[in-house]
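One structure is given below, encoded as structure tokens.
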Amino acid sequence: MAFKIGIIGTGYVGIVSGTTFAETGNDVICVDIDEAKIEKMRAGKSPIYEPGLERLMIHNITEKRLTFTSDLKHAVMNSQIIFLCLPTPPDADGSADLKYVLQVSNDIANIIKEENITDKKIIVDKSTVPVGTSQKVDSIFTSILGENNNVFVCSNPEFLREGYAVEDAMKPERVVIGTSSKWVGEIMKDLYKPFLRSGNPIYIMDEKSAEVTKYAANSFLATKISFMNDLAFYCENVGADIDSVRLGIGSDSRIGKRFLFAGLGYGGSCFPKDVQALNFSSQQEEADLLIVQATENINKRQTERFIHKIMNKYDNNVKDKTIAIWGLAFKPNTDDVRDAPAFKVIDKLLAEGAKIKVFDQEAIENTKAKYGNSLIYSNDMYDCIEDCDALVICTEWSIFRTPNFDKMKKNIKDNVIFDGRNLYELEDIEELGFEYHSIGRRVVNAK
Ligand code: NAD
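Shown next, in the form of structure tokens:
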């Protein structure tokens, strides 16, 4: 059965969810307050870099199953299921700021009241929100529409990964629905059926458990990364190699190979804010999550340690240095620079007076929006390193893995590389004659 769906907020989650729901035959109206974005999407242009997305958007726009508007009322009046895909940024104290979710819920409730809409509607929270938010949203509808209203609030946390978002949305490893209504559960099962044909599960649980599941998943993954980063420092001190240790432990299926790569710290729009929000919530509830607190602290320290390696090499003076940075996005295959570790490196080096040249395959525009003329932007990875003193690698884009080392040697004056992603084999780089600082491994050719 095809549903009429409203998507409120067309960021990374909203536009991918809206497009993939349309792809499975539903009629989808996407709403955003950003008019420029709406215009762009109407013209079949994706507002974000996400492999495979634009092709699907164009297909479904042509089929007239996917439309865009800034008119919330139009979407509310023409949708049975309304997804909230709104930002939940961190507040100053680390808690998740719910103002977008609560305001839009309030607006929807008022539209239902003013337009005297009586048919049943399901409001689905796809944003990552603290435990108890479904109840808060539900109470907004109850206070505006009365006890016996026809609005059903449910939680449906999103697990897509930027860079693989279309694939993840079309074939989710699992779908989690938080609802106490059997009817809502059945509707959501119907909606997700086409995405779960390979037999992946849909778990129906209570709202609070669904909300906690999302934070638990992200915090667990962040904890794996922080564990390896912490261990990397230990390896540096005792003369072991974190990548050998990674291979040694990752082949144990109880541990698993993924999320074991040491680096300069995790970033992005999800891990840092979700770990912070879970920590805040656990402290509020007087149920401190000590491991999650350590995860957050280790991550901060990890980026600082990496920056320290660069500053230390130059005796804390980079004033006359030109530093090239490869990779700005918080991870490859995305243009997302929110909480990107590269920006922390840039902030420090800029503050210390270094000249900075940057290259990234997709994130240059988003970087310009923050740094304007303070950086030198390159469209080519080798232009970026021309006449630089050192190269710093912050994102593991594939093209950095097998570069032209001859060109690098000609361009990087001191032949120094700080690799925050452990891209190169130590023996190879040693033979090539680079001074090479990586994470959790010995320093090569130190001068
Ligand atoms: P985003 O910032 O990319 O997009 C949010 C969109 O909402 C923007 O386009 C913004 O203009 C729009 N918006 C803001 N106020 C609005 C309003 N009143 N009406 C209509 N539109 C409005 O955010 P995102 O990355 O898509 O994340 C959304 C939520 O999903 C967050 O809670 C996030 O934690 C969660 N999440 C994100 C990811 C991810 O990989 N990005 C993955 C899983 C979950």
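Residue numbers (numbering that gives the first Met the number 0): 0 to 446. Where a beta carbon is used, it is the ideal one built from N, C-alpha and C, also for glycine. Values in this document were obtained by computation on a predicted structure and should not be read as measured data.
Looking at the structure shown, is residue i part of a helix, part of a strand, or coil, going by DSSP?
i    : result
W182 : helix
I398 : helix
F151 : strand
T370 : A small correction: the amino acid at residue 370 is Tyr; Thr does not occupy that position in the sequence shown. Three-state result, Y370: helix.
T141 : helix
G162 : coil
Y376 : strand
F417 : strand
L83  : strand
L390 : strand
K446 : coil
Just checking residue i against the ligand NAD - is the residue's beta carbon closer than 8 Å to any of the ligand's heavy atoms?
i    : result
L159 : yes
A447 : The structure shown does not extend to residue 447, since the chain spans only 0 to 446, so no value can be given for it.
I122 : no
I107 : no
D335 : yes
S133 : no
C70  : Residue identity differs from the one stated: residue 70 is Asp in this sequence, not Cys. Checking the Cβ of D70 against the ligand NAD gives no.
T9   : yes
L422 : no
I110 : no
G247 : no
L425 : no
V237 : no
T212 : no
L52  : no
V128 : yes
A164 : yes
D47  : Per the sequence shown, the amino acid found at residue 47 is Ile instead of Asp. Because some heavy atom of the ligand NAD lies under 8 Å away, the Cβ of I47 counts as near it: yes.
I102 : Before going on, a small fix: residue 102 reads as Gln here, not Ile. True, at least one ligand heavy atom lies under 8 Å from that Cβ.
C153 : no
Where do the N-terminal and C-terminal ends of the alpha helix (DSSP H) with residue i fall, by residue?
i    : result
K308 : L289 to K312
A42  : Taken as a continuous stretch (DSSP letters only), A42 belongs to no alpha helix (DSSP H), as it is neither H nor E.
D427 : L425 to L431
V30  : No alpha helix (DSSP H) holds V30; the beta strand (DSSP E) holding it covers D26 to V30.
Looking at C-alpha atoms only, which residue of the options is the closest neighbour of residue i?
i    : options                   : result
E385 : E361, K369 and W325       : W325
K72  : T117, G5 and Y233         : G5
Y11  : S197, N109 and G267       : G267
F258 : N296, S218 and S281       : S218
Q283 : P88, S397, A95 and T87    : A95
E206 : S252, T127, Y233 and L246 : T127
K347 : S373, D118 and A42        : S373
Looking at the secondary structure, which residues open and close the beta strand (DSSP E) in which residue i lies?
i    : result
G177 : V174 to G177
E434 : E434 to H436
G17  : Element bounds for G17: not the beta strand (DSSP E) but the alpha helix (DSSP H), Y11 to E22.
S280 : Segment F270 to Q283 is the alpha helix (DSSP H) holding S280; no beta strand (DSSP E) there.
A323 : T321 to W325
K409 : Unbroken run through K409 is the alpha helix (DSSP H), F404 to N410; no beta strand (DSSP E).
G5   : K3 to I7
I254 : It is not in any beta strand (DSSP E) - I254 carries neither H nor E in the DSSP assignment.
V123 : K120 to D124
Could you tell me whether the Cβ of residue i comes closer than 9 Å to any Cβ of chain B?
i    : result
G371 : No chain B is present in this structure, which holds just one protein chain.
Counting only runs that start and end within the region 91-116, where is the alpha helix (DSSP H) found for 4 or more residues in a row? 98-113
Curious, which full-length alpha helix (DSSP H) runs of at least 4 residues does the region 181-241 contain? 181-191 and 206-237
Runs of beta strand (DSSP E) wholly within the region 57-81 (minimum 3 residues, chain order): 65-68
Output the residue ranges of the alpha helix (DSSP H) runs that lie fully inside the region 328-367 and measure 4 residues or longer, sorted by chain position. 340-350
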